[in-house]
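Single-structure report; data block below.
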Amino acid sequence: MNTELITRHGNLEGTKDKLVKDLRTVVDDADYLLQEVANSTAEEFAAARTRIGVKLTEARSRLDEARTAVTDRARCTADATHEYMVNNPWKVVGLAAVIGLTIGVLASRR
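Plus 2 on top of the position in the sequence shown (first one is 1) and you've got this note's numbering.
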């Protein structure tokens, strides 16, 4: 399961990089097209609007892929945590007690 998390993390990083690149491309294209549209005809404006629409659709698709990747990773992490808690309940209780004790000691010093 640990290898699966590492593999999914690598996929998530790749998806994030693609998403950032696509969003930058959309912003750059939109900026360029807005400059071009300022002195263009209605037909050129319609073509520019279509190109921006296509780029936005691609960016939305990448955002959806990134959301899916993050959701899958969170679900996998939650499953691994649940599995650990079920297999090691006393370790979890002990860790929670140590954390609570540490917070209590630190809070009482103030």
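Beta carbons: idealized from backbone N, C-alpha and C, even for Gly.
### Message
Rounded to whole angstroms, what is the Cα-Cα separation between A109 and I101?
### Response
Within the sequence shown, the letter at position 107 stands for residue 109. Within the sequence shown, the letter at position 99 stands for residue 101. So the alpha carbons of these two residues sit roughly 12 angstroms apart.
### Query
Would DSSP call G96 helix, strand or coil?
In the sequence shown, residue 96 corresponds to position 94, counting from 1. Correct three-state label for G96: helix.
### Task
Tell me, to the nearest whole angstrom, how far the beta carbon of L36 is from that of R53; I am working on the premise that it is less than 8 angstroms.
As a position in the sequence shown, residue 36 is number 34, starting the count at 1. As a position in the sequence shown, residue 53 is number 51, starting the count at 1. Under the criterion of beta carbons closer than 8 angstroms, L36 and R53 do not qualify as touching, at roughly 12 angstroms.
### Message
Among the candidates E85, L21 and A48, whose CA atom is the shortest distance from the CA of D66?
### Response
Sequence index remark: in the sequence shown, residue 66 carries index 64 (1-based). With distances taken between Cα atoms, D66 lies closest to L21.
#### Entry: Residue of T83, R51, D24 and T59 minimising C-alpha distance to A39
Taking the first residue of the sequence shown as 1, we reach residue 39 at position 37. Per the sequence shown, residue 39 should be read as Val rather than Ala. Nearest C-alpha to V39: R51.
### Query
Are D19 and E60 closer than 8 angstroms when you measure CB to CB?
By 1-based counting over the sequence shown, the position of residue 19 is 17. By 1-based counting over the sequence shown, the position of residue 60 is 58. No, they are not a contact pair.
### Task
State yes or no: is the beta carbon of W92 nearer than 8 angstroms to at least one beta carbon in chain C?
Protein chains in the displayed structure number just one, and chain C is not present.
### Query
Given M113, which residues of its chain have a CB within under 8 angstroms of its CB, disregarding the five upstream and five downstream residues?
Residue 113 falls outside the range modelled here, since the chain spans only 3 to 112, and no answer is possible.
### Query
How many Å lie between R27 and R62 at the Cα?
Taking the sequence shown and counting its residues from 1, one reaches residue 27 at position 25. Taking the sequence shown and counting its residues from 1, one reaches residue 62 at position 60. Sequence check: residue 27 is Thr here, not Arg. Answer to the nearest angstrom: the Cα atoms are 13 angstroms apart.
### Task
To the nearest angstrom, report how far apart A98 and R77 are at their CA atoms.
Working through the sequence shown from its first residue, we reach residue 98 at position 96. Working through the sequence shown from its first residue, we reach residue 77 at position 75. Roughly 22 angstroms separates the two Cα atoms.
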